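A.B. asks:
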Amino acid sequence: MNVMHVEAKQGRADKEVTDLLVLLLSQGETSLKQEAASINALLGGHLQTLLEQREFEGKANETVLVHTQGKTPAKRVLLVGVGAKKELRLDSFRQAIGSAVKRVRQAKVTSFTVAMPSTMPRGATALEIAQAMAEGAILGNYQFNEYRTDNGSKAPDIERLTLYGADRQQLRQITEGVRRGTATGAATTLVRDLCNHPSNVMTPTRVALEAKAIAKEAGVTLTVLEQKNMEELGMGALLGVARGSQEPPKFIILEYKGDKAKKSEQPVVLVGKTITFDTGGISLKPSENMEQMKADMTGGAEVLATVRAAARLKLPMHLIGILPAAENMPGGRAIKPGDILKTLSGKTIEVQNTDAEGRLILSDGLAYATRYKPAALIDIATLTGACVVALGQFAIGMFGNDDRLKEQVRKAGLRAGERVWEMPLWDEYFEQLRSDVADMRNIGGRGGGMITAALFLSKFVGDYPWVHLDIASTDWSDRERAYIPKGPTGIGTRLLIQYLINRTLR
Ligand code: BES
Ligand code: ZN
Ligand code: ZN
């Protein structure tokens, strides 16, 4: 869908003409400050009365709309709560603007303004707040209506949001925050779109076409390996998974080299699981909720969107994105339990469950990634149901072999509001992956399902600094939240981009 235009301007938000002005207030804020104070005065103390009567308390995501009857330059003022002062986080602002956007849309207003909040979380900069607000606006505005022919249930999209900065110094920070927030917001929008398209449309072939369009637009190099190329290379694991489907697999490689990147610089390599639909294969999944498996390509979509964002932000770095793409189907030629596959790395795998296909395609994706001698290697995948059981909906599972990289990823997740939780990658668990006939098997039996999957992957990354992110917990939301829709969430995208930003920009 179209991405809302967010811009930064210098000025006092309360003095600017607009259809709607958003004022962010924290809970228990008794005396109104700055913009809110001056609007309150123009409205004859109306805002103060709302607070005193507790008709607006500033609770997280609370909204109250006030028509100003020509008394202020803004036609309407929307009070939005950010919650208690001591609990303020960057995400409070993302959520507040996400909630605001929905209220703005209900009022059928298509452009609005917002004043920088008078209370900020400790240590947060105007850049960070502006970035969070831009993200909340773009993501809260998200709708997927590509297949609706009845426009009845479609709310009008908001076209524009303007953030006001008081002085030049603040304006500079807000401008950069908006630039970054627009990049991460647009990237997440792309991921949601790609994952919302049904699997009869978004096949591996179509993903490759999308990658081609993006590569052209963003000025990055695209290589697509076809089935025969994979055969020549010996990508037996990816080919094995693809065998059960009529849809040919694609191995998609994107390469971005920023102008200022040093020639000799070793790249960051991102690998994303791109299963366009996971039926489970011969080890067929139960039919309940199976439709959600159209989003089993979330990791790949996130890698694609991240490469586009890096190019749009002109990050001074060398970046490779790899998407092993296939459809997991139980066709007549499908792999069966007991089959043995020879991977690109040379290692052999006994397939004991065809539903554990993500680790199979990733084994080839990761082995290929090591050819670039990565400075950092990150894979991201909707890998295990065990991740959902262990972490619920609010944490991404993280594994890795390098403390520094893990810490950088953890920080990026915190900043992006897409938090990771580290799980152990101890070799003791490897006995669960032993096979009687091959180098290893693709399932680890009962217990520690998220861990054995990660340990399996670790055998294909050599000694390169590597982090694995299991996003099966967060890729799909069963309810609508402030800036997260029901369905594909795109969670993980902002984390990846933030990691790259933190690596390259101040
Ligand atoms: N794509 C699934 C994992 C998944 C489950 C993602 C729920 C999102 C929500 C993956 O390919 C899978 O089926 N994993 C199996 C592995 C098992 C057979 C060892 C699982 O977790 O059940
Ligand atoms: Zn599966
Ligand atoms: Zn899967």
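Going by our numbering, the sequence shown opens with residue 399, and the numbers climb by one from there.
Heads up, the beta-carbon is just placed ideally off N, CA and C, and yes, glycines get one too.
These numbers were taken from a predicted model, which means no experiment stands behind them.
Would a C-beta distance cut-off of 9 Å place I869 and I794 closer than the cut-off?
C.D. replies: Contact: yes.
A.B. asks: For the candidate residues L894, T696 and D762, whose alpha-carbon lies nearest to that of L742?
C.D. replies: Cα-wise, what sits closest to L742 is D762.
A.B. asks: Could you give the DSSP three-state label for A905: helix, strand or coil?
C.D. replies: Look at the range of the chain in this structure, 399 to 904, and you will see that residue 905 is not part of it.
A.B. asks: Which two residues bound the contiguous beta strand (DSSP E) that contains K648?
C.D. replies: Counting along the chain, the beta strand (DSSP E) containing K648 begins and ends at K648 to K655.
A.B. asks: How close, in whole Å, do the beta carbons of L560 and E405 come, if the pair is a contact with beta carbons under 8 Å?
C.D. replies: Correcting the residue type first, residue 560 is Thr in the shown sequence and not Leu. Going by Cβ atoms, the distance from T560 to E405 rounds to 5 Å, so yes, they are a contact pair.
A.B. asks: Is DSSP giving M688 helix, strand or coil here?
C.D. replies: M688 falls in the helix class under three-state DSSP.
A.B. asks: Tell me, please, whether the stretch 442-449 touches the stretch 607-624 by the rule of three or more beta-carbon pairs shorter than 8 Å.
C.D. replies: The answer is no - the stretch 607-624 does not touch the stretch 442-449, with fewer than three Cβ pairs under 8 Å.
A.B. asks: Going by C-alpha to C-alpha distance, which of Q644, K500 and V701 sits closest to L588?
C.D. replies: Comparing Cα positions, the closest option is V701.
A.B. asks: Quick one, which of P883, I889 and P646 has its alpha-carbon nearest M628's?
C.D. replies: The candidate whose alpha carbon is nearest that of M628 is P646.
A.B. asks: With 16 other CB atoms within 10 Å as the buried threshold, where does S662 fall?
C.D. replies: S662 is exposed by the Cβ-count criterion.
A.B. asks: Let me check understanding here. Comparing Cα to Cα, which of A814, Q830, N799 and L812 lies closest to P822?
C.D. replies: For P822, the nearest C-alpha among the options comes from N799.
A.B. asks: With DSSP collapsed to three states, give me the class of L486.
C.D. replies: Note: L486 maps to coil in three-state DSSP.
A.B. asks: Using a Cβ-based criterion (distance less than 8 Å to any ligand heavy atom), does L636 qualify as near ligand 3?
C.D. replies: Result no, Cβ not under 8 Å from ligand 3.
A.B. asks: Is any heavy atom of ligand 2 found at a distance shorter than 8 Å from the C-beta of K483?
C.D. replies: No, ligand 2 has no heavy atom inside 8 Å of this Cβ.
A.B. asks: Just verifying my parser: in three-state terms, what is the DSSP assignment at G756?
C.D. replies: DSSP places G756 in helix when its eight states are reduced to three.
A.B. asks: The alpha helix (DSSP H) that contains R558, what's its start and end?
C.D. replies: Where R558 is concerned, there is no enclosing alpha helix (DSSP H), although the beta strand (DSSP E) it sits in stretches over R558 to G563.
A.B. asks: Which one of L419, I556, S436 and A616 has the shortest CA to CA distance from L477?
C.D. replies: The residue with the shortest Cα to Cα distance from L477 is L419.
A.B. asks: For my contact list, K473 and D417 are in at a C-beta cut-off of 8 Å; report their separation, rounded to the angstrom.
C.D. replies: Indeed they touch by this definition, with Cβ atoms about 5 Å apart.
A.B. asks: Should G538 and G575 be called a contact, given that it needs their Cβ atoms to be closer than 9 Å?
C.D. replies: No, Cβ-Cβ distance for G538 and G575 is not below 9 Å.
A.B. asks: Does Q425 come out as helix, strand or coil in the three-state DSSP assignment?
C.D. replies: Reduced to three states, the DSSP call for Q425 is strand.
A.B. asks: Going by beta-carbon coordinates alone, are R769 and L855 separated by less than 9 Å?
C.D. replies: Not in contact: R769 and L855 (Cβ atoms no closer than 9 Å).
A.B. asks: Is the stretch 715-723 in contact with the stretch 738-752, if contact means three or more CB pairs nearer than 8 Å?
C.D. replies: No: the two stretches stay apart, fewer than three of their Cβ pairs being nearer than 8 Å.
A.B. asks: Look up E533 in the DSSP assignment and say whether it is helix, strand or coil.
C.D. replies: Helix at E533.
A.B. asks: Between which residues of its own chain and N400 is the CB-CB distance below 7 Å, once the five residues before and five after are set aside?
C.D. replies: The answer, listed in chain order, is D555.
A.B. asks: So, at 6 Å on beta carbons, what are the nonlocal neighbours of E725 in its own chain, with the 5 sequence-adjacent residues on each side left out?
C.D. replies: S643, E645, T674 and F675, listed in sequence order.
A.B. asks: On the DSSP bridge list, what partners appear for N539?
C.D. replies: None, per the DSSP bridge assignment.
A.B. asks: Candidates L463, A434 and L636: which alpha carbon is nearest A765's?
C.D. replies: Ranking L463, A434 and L636 by Cα distance to A765 puts L636 first.
A.B. asks: Can you list, in chain order, the residues of its chain whose CB lies under 7 Å from that of P519, leaving out five sequence neighbours each side?
C.D. replies: Here the set comprises L486, R487 and L488.
A.B. asks: Using the C-alpha atoms, what's the distance from L711 back to R578?
C.D. replies: Between R578 and L711, the C-alpha separation is close to 7 Å.
A.B. asks: So V787 is in the alpha helix (DSSP H); what residue range does that whole segment cover?
C.D. replies: Run containing V787: G783 to L789, per the alpha helix (DSSP H) assignment.
A.B. asks: Rounded to whole angstroms, what's the CA-CA distance from A703 to T619? Just pull it up for me.
C.D. replies: Their backbone Cα atoms lie some 14 Å apart in a straight line.
A.B. asks: Assuming G885 and N543 form a contact by the criterion Cβ under 8 Å, report the distance between their Cβ atoms to the nearest whole angstrom.
C.D. replies: Actually they do not touch by this definition, with Cβ atoms about 12 Å apart.
A.B. asks: Terminal residues of the continuous beta strand (DSSP E) containing F675?
C.D. replies: T672 to D676 is the span of the beta strand (DSSP E), which, as asked, contains F675.
A.B. asks: List the residues that DSSP assigns as beta-bridge partners of Q451.
C.D. replies: DSSP lists no partner for Q451.
A.B. asks: For E755, is the beta carbon positioned less than 8 Å from some heavy atom of ligand 5?
C.D. replies: Only ligand 1, ligand 2 and ligand 3 can be found as ligands here, which leaves ligand 5 out of the picture.
A.B. asks: When the distance is taken between beta carbons, is K660 closer than 9 Å to M695?
C.D. replies: No, Cβ-Cβ distance for M695 and K660 is not below 9 Å.
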